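Enquirer:
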Amino acid sequence: MQITVHLSGFTPRRLAPAEQEELLTYRLGITNVVARATARADELSAEEFREGGRILTAKVELLRPQWLAVVGVTAYRTAFGEKRAQIGPQELTIGSTRIWALPNPSGLNAHWTAESMAQEYARLRTAAEAGGDQPGPTWPTGRHT
Numbered sequence: 059m060q061i062t063v064h065l066s067g068f069t070p071r072r073l074a075p076a077e078q079e080e081l082l083t084y085r086l087g088i089t090n091v092v093a094r095a096t097a098r099a100d101e102l103s104a105e106e107f108r109e110g111g112r113i114l115t116a117k118v119e120l121l122r123p124q125w126l127a128v129v130g131v132t133a134y135r136t137a138f139g140e141k142r143a144q145i146g147p148q149e150l151t152i153g154s155t156r157i158w159a160l161p162n163p164s165g166l167n168a169h170w171t172a173e174s175m176a177q178e179y180a181r182l183r184t185a186a187e188a189g190g191d192q193p194g195p196t197w198p199t200g201r202h203t
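Each residue of the sequence shown is one higher than the one before, counting from 59 in the working numbering.
#1: On the DSSP bridge list, what partners appear for I113?
#2: So A137 packs on Q148, CB below 8 angstroms; how close in whole Å?
#3: Does DSSP classify A104 as helix, strand or coil?
#4: Among E77, R94, R112, L81, which has the Cα closest to the Cα of A186?
#5: Whole angstroms are fine: how far does the CA of T132 sit from the CA of E109?
#6: For T184, which residues in the same chain have their Cβ closer than 7 angstroms to its Cβ, ignoring the five residues on either side in sequence?
#7: On the DSSP letters alone, give me the boundaries of the alpha helix (DSSP H) that R187 sits inside.
#8: Could you check what DSSP says for R94 in three-state terms: helix, strand or coil?
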C-alpha cells in the first residue's frame with residue numbers, strides 16, 4: 059500500500075510501514091479495518107470486521123482526520139453496515155471525518171493495476187487537498203454497536 063500512496067502523490071517518498079502515522083500530518087488516516095494479517099479477506103469473520111469498525115470509529119473520533127480511507131470496499135461494507143458501498147467517497151461520516159473506500163492492493167484484486175489504484179488514491183488526495191465537499195450525514199451515537 060505504501061507504494062500506491064506514494065505513486066498517487068500523497069507523500070514525497072515511499073514511507074515504510076512503521077511510518078504510517080506520518081500520514082496524519084496530511085489529516086488523513088489510511089487503515090485496514092482488521093489488523094490481523096491474512097492471505098485472503100474471507101479468512102476474517104463478519105464479527106471481526108464489525109469489531110474493527112467499532113475500534114476504527116473510536117480512533118477517528120479521537121484523532122479527527124479530515125478523511126478516513128478504508129482499504130478494501132468489502133471490509134468497509136461489512137465493518138460499517140453499508141452493503142451497497144462502492145469504491146470512492148462515501149455518504150456517511152464519522153463526526154466531520156469523510157470516508158473513502160479504496161481498492162485493496164491484494165493480489166486477489168487483479169482487475170486493479172498499480173496504475174489504476176494510484177489513480178483512485180489520487181482522487182482522494184485531490185479531494186483532501188481541496189478540502190473535500192460538504193460532509194454527508196453523520197452517524198448517530200451507537201451506530202456501530
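Glycine is no exception: its CB is placed at the ideal position from the N, C-alpha and C atoms. As the structure is a computational prediction, the values presented were derived from the model and not from experiment.
Expert: In this structure, then:
#1: Paired residue(s): none; I113 is not in a bridge.
#2: So it is not a contact: roughly 12 angstroms between Cβ atoms.
#3: helix
#4: L81
#5: 15 angstroms
#6: Around T184: no qualifying Cβ.
#7: Here the sequence assigns Glu to residue 187, which means Arg is not the residue at that position. Looking at the DSSP string, the run of the alpha helix (DSSP H) that includes E187 is 172–188.
#8: coil
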